[in-house]
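Line by line, the protein sequences give chains A and B.
Using our numbering, the letters of the first sequence correspond one by one to residues 1 to 189.
Using our numbering, the letters of the second sequence correspond one by one to residues 190 to 378.
Right, one structure below, let's go through it.
2 protein chains.
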Amino acid sequence: MTDKRPYHHGDLRRALLAAAAEAIAESGPAALSLRDLARRAGVSHAAPAHHFGDKAGLLTALAIEGFNRLADALDASRERTGSLLESGVAYVRFAAENRAHFEVMFQPSLYDQDDPEVAVARQRAGAALSAGVSTLDEPPAAEDAREAELAAWSIVHGFATLWLAGAFPDPLGDDAGDAARPVIRRLFD
Amino acid sequence: MTDKRPYHHGDLRRALLAAAAEAIAESGPAALSLRDLARRAGVSHAAPAHHFGDKAGLLTALAIEGFNRLADALDASRERTGSLLESGVAYVRFAAENRAHFEVMFQPSLYDQDDPEVAVARQRAGAALSAGVSTLDEPPAAEDAREAELAAWSIVHGFATLWLAGAFPDPLGDDAGDAARPVIRRLFD
DNA sequence: CGGGCAACTTGTCGCTGGCAAGTTAGAGTG
DNA sequence: CACTCTAACTTGCCAGCGACAAGTTGCCCG
Numbered sequence: 001m002t003d004k005r006p007y008h009h010g011d012l013r014r015a016l017l018a019a020a021a022e023a024i025a026e027s028g029p030a031a032l033s034l035r036d037l038a039r040r041a042g043v044s045h046a047a048p049a050h051h052f053g054d055k056a057g058l059l060t061a062l063a064i065e066g067f068n069r070l071a072d073a074l075d076a077s078r079e080r081t082g083s084l085l086e087s088g089v090a091y092v093r094f095a096a097e098n099r100a101h102f103e104v105m106f107q108p109s110l111y112d113q114d115d116p117e118v119a120v121a122r123q124r125a126g127a128a129l130s131a132g133v134s135t136l137d138e139p140p141a142a143e144d145a146r147e148a149e150l151a152a153w154s155i156v157h158g159f160a161t162l163w164l165a166g167a168f169p170d171p172l173g174d175d176a177g178d179a180a181r182p183v184i185r186r187l188f189d
Numbered sequence: 190m191t192d193k194r195p196y197h198h199g200d201l202r203r204a205l206l207a208a209a210a211e212a213i214a215e216s217g218p219a220a221l222s223l224r225d226l227a228r229r230a231g232v233s234h235a236a237p238a239h240h241f242g243d244k245a246g247l248l249t250a251l252a253i254e255g256f257n258r259l260a261d262a263l264d265a266s267r268e269r270t271g272s273l274l275e276s277g278v279a280y281v282r283f284a285a286e287n288r289a290h291f292e293v294m295f296q297p298s299l300y301d302q303d304d305p306e307v308a309v310a311r312q313r314a315g316a317a318l319s320a321g322v323s324t325l326d327e328p329p330a331a332e333d334a335r336e337a338e339l340a341a342w343s344i345v346h347g348f349a350t351l352w353l354a355g356a357f358p359d360p361l362g363d364d365a366g367d368a369a370r371p372v373i374r375r376l377f378d
């Protein structure tokens, strides 16, 4: 979050996060190695620990970045289209385009979920999601609103997860968002 | 799958799978250690490799077991209730009660997804899911059937994943299945 | 110009996964 | 009842990893 640039490397922290995202997208979070990241960035094996404390710290930073990016994507979609359907599409598209972040965000055993920055970023994303549901033509009654929100979240999250897992037996095209649209539409227009 | 029982330990293969499920449920798949499993089972550190080849082999076996258990659960629910809604509830309940299996099943980077036994078990589960959709009162037209299936799968899978991740901000009770029912009902009755 | 501190490096430890080579125990055969 | 064959392990080893401790480097500010 701080914008002062370090001296030695230039911006090791960001470089490590980017390298981590790339490595995770290739081989999954379990195969991530701090030493490999250090090698990719051309620094010593202990340099990552200085910025993130330990492996969980690095993944915590990735999760924070992910929740913030997701909130940004959802807000942008809502401002642009005002459509809950398109917000759902944006959710799925975010997952496809930020695979590593998404995988880490929803696997809390990998990072420190009690971190206050995580809580803030997660709430931002949650609020962006809730705001989307309120754009429905027929806003549901107060008590139903919660269930509608859970249903919307579940269907887009499920589609995104299954897409990333390669679980769909038939090919559904290249664009996860376009593939998701007719499916999400079955829940609401 | 072979039923002849080994001699030395009794049934080390099953014991290791059970211990692995327990360990993963506690700390996630990334923290799994073959040597720790061996210690829990009271055997040498190389014993697991004999049964499963390597770590991926063990997780492959876990995934196979998981897909088969899921297929069984879905079939049982359909035979008992004939209701797609209750099949969805059964899906969520399976995830909650077999957390370790479920997490591994849908994280293909952890195991060998090209394994033929995995493919068979996965297809069994897929067929059980499809069969559930056909129990709808108004079976959708052929071309819509695929989308209806994806929507049903997505909403239950998403709910299950979010539940396991502890992503729901408010507490929804102890039983994942009961919590999911009103949410799933929003997609179909 | 000099102290201070952030950004690293170097070195080390215990643990892990994976491989190779041995050992043991039961099952099948004559 | 020996004899052998083989599955089910064990022992020993190596490289890689995460975490920690103790140095070293280089910019910034007074």
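Backbone N, C-alpha and C define an ideal beta-carbon position, used for all residues, glycine too.
Beta-carbon gap between residue i and residue j smaller than 8 Å
i                      : j                      : result
residue 227 of chain B : residue 236 of chain B : yes
residue 98 of chain A  : residue 66 of chain A  : yes
residue 31 of chain A  : residue 100 of chain A : no
residue 266 of chain B : residue 279 of chain B : yes
residue 196 of chain A : residue 319 of chain B : In the structure displayed, chain A extends from 1 to 189; residue 196 of chain A sits before or after that span and is not available.
residue 146 of chain A : residue 85 of chain A  : no
residue 416 of chain B : residue 263 of chain B : Outside the displayed span of chain B (190 to 378) sits residue 416 of chain B, for which this structure offers no information.
residue 177 of chain A : residue 93 of chain A  : yes
residue 51 of chain A  : residue 13 of chain A  : yes
residue 296 of chain B : residue 28 of chain A  : yes
residue 229 of chain B : residue 210 of chain B : no
residue 392 of chain B : residue 368 of chain B : Not covered by the structure: residue 392 of chain B. The range shown for chain B is 190 to 378.
residue 128 of chain A : residue 167 of chain A : no
residue 158 of chain A : residue 234 of chain B : no
residue 49 of chain A  : residue 17 of chain A  : no
residue 204 of chain B : residue 257 of chain B : no
Close Cβ partners of residue i (< 7 Å) along its chain, the five nearest in sequence each way excluded
i                      : result
residue 63 of chain A  : 104, 105, 111 and 118
residue 115 of chain A : 60
residue 222 of chain B : none
Test: residue i CB closer than 8 Å to a CB of chain B
i                      : result
residue 5 of chain A   : Low per-residue confidence applies at residue 5 of chain A: pLDDT is 47, beneath 50, and the placement is therefore not dependable, though the value from the model is reported in the following sentence. No, residue 5 of chain A does not count as interfacial toward chain B.
residue 89 of chain A  : no
residue 147 of chain A : yes
residue 126 of chain A : yes
residue 110 of chain A : yes
residue 133 of chain A : no
residue 101 of chain A : no
8 Å Cβ cutoff, residue i in contact with chain A
i                      : result
residue 295 of chain B : yes
residue 339 of chain B : yes
residue 309 of chain B : no
residue 343 of chain B : yes
Close beta carbons around residue i, own chain, < 6 Å, minus the five adjacent residues each side
i                      : result
residue 291 of chain B : 284
residue 190 of chain B : Because residue 190 of chain B sits at a pLDDT of 40, beneath the cut-off of 50, its placement in the model cannot be relied upon, and the point is left open.
residue 59 of chain A  : 104, 110 and 111
Own chain, CB closer than 8 Å to residue i, minus 5 neighbours either side, in chain order
i                      : result
residue 136 of chain A : 84, 148 and 188
residue 185 of chain A : 85
Q) Of the residues that make up the stretch 348-377 of chain B, which ones have a beta carbon closer than 7 Å to any beta carbon in chain A? A) 348, 350, 351, 354, 355, 356, 358, 371, 372, 375 and 376
Q. If contact means a Cβ-Cβ distance below 8 Å, which residues of the stretch 18-51 of chain A contact chain B?
A. Here the close residues are 27, 28, 29, 30 and 31.
**Q.** Where the stretch 247-262 of chain B meets chain A: residues whose CB sits under 8 Å from a CB there
**A.** none
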